[in-house]
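*Asks:* Can you keep this structure in mind? I'll have questions shortly.
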Amino acid sequence: MTRKLLKIALVVLLSVVSISIDAQEKPVLWYDKPARYWEEALPLGNGRLGAMVYGNPVTEEIQLNEETVSAGSPYKNYNPEAKGALATIRQLIFAGRYPEAQALAGEKILSKNGFGMPYQTVGSLRLDFPSHENYTNFRRELDLEKAVATTAYTVNGVDYKREVFTSFVDQLVIVRLTASQPGKLTFSASLTCPQKVDVTVSGKNALILEGTTKGDDFTKGSICFRADLKLDLQGGKSVAGDTLLSVTNANSATIYIAMATNFVNYKDISGNPSGRNKVSMKNAGKNYARALQAHISAYQKYYNRVSLNLGRTSQADKPTDVRIKEFAISDDPHLVALYFQFGRYLLISSSQPGGQPANLQGIWNQKLNPAWKCRYTTNINAEMNYWPAEVTNLREMHEPFLQMVKELYENGQEAAREMYGCRGWVLHHNTDLWRMNGAVDRAYCGPWPTCNAWLCQHLWDRYLYSGDKEYLASVYPILKSASEFFVDFLVRDPNTGYLVVTPSNSPENSPSIWKGKANLFAGITMDNQLVSDLFSNTRSAAQILNLDKQFCDTILSLKRQLPPMQVGQYGQLQEWFEDWDNPNDHHRHISHLWGLFPGYQISPYSSPILFEAARNTLIQRGDPSTGWSMG
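First residue of the sequence shown: 1, per full-length UniProt numbering; consecutive thereafter.
What follows is the structure, given as structure tokens:
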């Protein structure tokens, strides 16, 4: 294991306790130049509203998101033809005719009427400042302790400052513009969007942006979204144009932005975005200092629960981007602590009780068709977002994800019945705002029916952290239902005698012997681990609640008939039942190590041989393999 991985492991180990941090060393990301592109902008969020601040003195852009702006409308996308083809697909897999099985699965299991809807941007606030090209003393920063982004610079002896935050209390994006001398603020404000919208001016100090998202060939776009902007000036004057506000000679200015949609839940889009924004806009015009402090206090209720001090060196005096570039060749323990807290900050900012869970990009997206549609990729990414939730004392941030699991359980029962003829509920490797359950994308990765087991681990882990039996009783039906699915779905492999999940894949990876030809097999290691874990957790929950003894006996019997984990010819933990692993495979997913983490099935104490095999797998995969952790 490399030195960098050891440092990361240290962070994980220390994250379970509260460690005092040097009061002189603030957790701040700072830069000495504006963002050149979206990825360099500074993220702000209150769970529902998101903003990316570029910090350009001449043309400021603050890109805007609202958590429910998605293409499409309520829909279901499971393929009922799967039921009739399932036995044939399994026969082909058991006969080793994998390419034929995959071709048939692509035709009969993959969805034919909806492939997941993209999360989309509301648009951007654009602020144009004439004659600010020649600036000095530039600094932009994100204060992780306060959840405030600040841009400061000097033009012609005047110091300009911009503060931006997404209020946890007032449900507004608030932008504060100040100058060190009176009458020196001159700028224009406008709202833009990459898709067709209507932008109108309301009086001399307000803008309204309204639009409706698009759909696809199968699902109509029906999310109506709206952004309301209000400008509050101190000194100077404001003039309204067709689609912008022009301000001259102001002393300071505060901009308030409310955003909302008609989304109520994954089945209901009867909300009133205009009415919702009116409620939020009642908070505009408060004393700025009090509004800021209320926001900070609400945020720090979560953030201040955990602190981490690993020490500092002179590297901490440099801009954050420089520190990142030099990290591999420098000693910068404070950057590790800063990175740890940045992760907590992102989860607090993108996942709040009562809202949507963090998607592939948290809550931040500037495009209409982003990478992987900015959905919930449930074969690693969605779950991984929430690994820090309980262990870093952010249990409330876990709630949106757990609520999504409950909704997928509701929606997935029909899919399990109609696709596979099974009881219980099912989810494949992706979902979206509409909680679709069908298999999407390609036959290479889409037919993966064990996601329900992984999601149920989050329900069980929440109980392990809380010990709340009332909570456990509320989620037990979801665990039992997922177990019922596998009671019905598991099939005996005639070649090995084991009960196996098939058809399925080891997420997004294929053995080199079948590379490009087939990826659907039987008895895949990760599937075995997931189902084993689900059966164990369901049984434990039932025993705690004194329920379903006969069902517990059934799933215990089935668990004992699952394939065991195996050590392969290279000393590795086998990814597939067959010894197909290649030590030169550096694929980004290491799915067969689920039993090591986040599962609990591999331990240096209870299973040292498997633990050593897992270690060998990590060494063979190498550092470059975890590509999913970088995007």
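Glycine included, each C-beta is placed from N, C-alpha and C at the ideal position. Treat the numbers as computed from the prediction; the structure is a model and nothing was measured.
Can you give me the Cβ contacts of V155 inside the same chain, cut-off strictly under 6 Å, excluding the 5 residues immediately before and after it?
*Replies:* So the qualifying residues of the chain are H132 and Y135.
*Asks:* What separation, rounded to the nearest whole angstrom, lies between the Cα atoms of I174 and N277?
*Replies:* Rounded to the nearest angstrom, the two C-alpha atoms are 14 Å apart.
*Asks:* Which residues in the same chain as C445 place their Cβ atom closer than 8 Å to its Cβ, once the five residues preceding and following it in sequence are excluded?
*Replies:* So the qualifying residues of the chain are N379, H429, N505, P507, E508 and N519.
*Asks:* Looking only at DSSP bridge pairs, what is S504 linked to?
*Replies:* S504 pairs with F521.
*Asks:* Return the chain-ordered ranges of every beta strand (DSSP E) run that is complete within the stretch 52-137 and spans a minimum of 3 residues.
*Replies:* DSSP runs (the beta strand (DSSP E)) wholly in the stretch 52-137: 59-66 and 123-128.
*Asks:* Take Y409 and list the residues in its own chain whose beta-carbon comes closer than 6 Å to its own, dropping the five residues that flank it on each side.
*Replies:* Cβ within range, chain order: W425 and I478.
*Asks:* Whose C-alpha, out of M52, K406, A101 and T320, is nearest the C-alpha of P503?
*Replies:* Selected option, being the one with the closest Cα: A101.
*Asks:* By how many angstroms is the C-alpha of S167 removed from the C-alpha of L292?
*Replies:* So the alpha carbons of these two residues sit roughly 8 Å apart.
*Asks:* Could you pull out every unbroken beta strand (DSSP E) segment of at least 3 residues lying fully inside the stretch 215-282, listed in chain order?
*Replies:* DSSP runs (the beta strand (DSSP E)) wholly in the stretch 215-282: 224-234, 237-240, 244-250 and 252-261.
*Asks:* To the nearest angstrom, how far is the alpha carbon of K237 from that of P182?
*Replies:* Taking the straight line joining both Cα atoms gives about 13 Å.
*Asks:* Confirm the yes/no value for this check: CB of M436, any heavy atom of the ligand ATP, distance under 8 Å.
*Replies:* As far as ligands go, the structure on display features none, and thus does not contain the ligand ATP.
*Asks:* Using a Cβ-Cβ cutoff of less than 8 Å, which residues in the same chain neighbour G72 once the five nearest sequence positions on both sides are dropped?
*Replies:* Hits under 8 Å: G114, M117, T213, G215, D216, T219, K220, G221, S222, I223, D432, L433 and W434.
*Asks:* Return the Cβ separation of V122 and M281 in integer angstroms, given the expectation that the two are a contact with Cβ distance under 8 Å.
*Replies:* Actually they are not in contact, since the Cβ atoms of V122 and M281 sit about 16 Å apart, beyond 8 Å.
*Asks:* For K230, count neighbouring C-beta atoms within 10 Å of its own C-beta (all shown protein chains included) and say buried if the count is 16 or more, exposed if not.
*Replies:* Answer is buried; the Cβ neighbour count reaches 16.
*Asks:* Does G50 come out as helix, strand or coil in the three-state DSSP assignment?
*Replies:* Looking at G50 - three-state DSSP - the assignment turns out to be strand.
*Asks:* For T320, name the three-state secondary structure that DSSP assigns.
*Replies:* Helix.
*Asks:* Once the 5 residues before and after E67 are set aside, which same chain residues still bring their CB inside 6 Å of it?
*Replies:* Same-chain partners within the cutoff: R48, G355, Q356 and I363.
*Asks:* Look up V28 in the DSSP assignment and say whether it is helix, strand or coil.
*Replies:* V28 falls in the strand class under three-state DSSP.
*Asks:* Determine contact between the stretch 390-400 and the stretch 234-250, defined as no fewer than three beta-carbon pairs at a distance below 8 Å.
*Replies:* No: fewer than three Cβ pairs fall under 8 Å.
*Asks:* Could you give the first and the last residue of the continuous beta strand (DSSP E) run that contains P43?
*Replies:* Per DSSP, P43 belongs to the beta strand (DSSP E) from L42 to G45.
*Asks:* Output the boundary residues of the beta strand (DSSP E) element that contains E163.
*Replies:* Counting along the chain, the beta strand (DSSP E) containing E163 begins and ends at V158 to T166.
*Asks:* For Y471, collect the residues of the same chain with a Cβ closer than 8 Å to its Cβ; drop the 5 residues on either side in sequence, then sort them by chain order.
*Replies:* Contacts found: R462 and Y463.
*Asks:* Straight-line CA distance for L172 to Q195?
*Replies:* Roughly 23 Å between the two C-alpha positions.
*Asks:* Rounded to whole angstroms, what is the Cα-Cα separation between L596 and N309?
*Replies:* The alpha-carbon atoms of L596 and N309 are separated by roughly 28 Å.
*Asks:* For the stretch 48-64 against the stretch 404-423, do three or more pairs of beta-carbon atoms, one drawn from each stretch, fall closer than 8 Å, so that the two count as touching?
*Replies:* Segments in contact, no.
*Asks:* Quick one: grab the DSSP three-state call for I174.
*Replies:* Looking at I174 - three-state DSSP - the assignment turns out to be strand.
*Asks:* Once DSSP output is grouped into helix, strand and coil, what is the label at V475?
*Replies:* In the structure shown, V475 sits in a helix (DSSP, three-state: H, G or I).
*Asks:* Leaving out the 5 sequence neighbours to the left and right, which residues in its chain are closer than 7 Å to D468 when beta-carbon positions are compared?
*Replies:* Contacts found: none.
*Asks:* Hey, A189 and L245 are a contact pair by Cβ (cut 8 Å); roughly how many whole angstroms apart?
*Replies:* Contact holds; Cβ gap of about 5 Å.
*Asks:* For the alpha helix (DSSP H) containing T392, name the first residue and the last one.
*Replies:* It is not in any alpha helix (DSSP H) - T392 carries neither H nor E in the DSSP assignment.
*Asks:* Looking only at its own chain, which residues have a Cβ that is under 7 Å from the Cβ of A613, when we skip the five neighbours before and after it?
*Replies:* Once the five neighbours on either side are set aside, the close Cβ partners of A613 are V567, G571, Q572 and L573.
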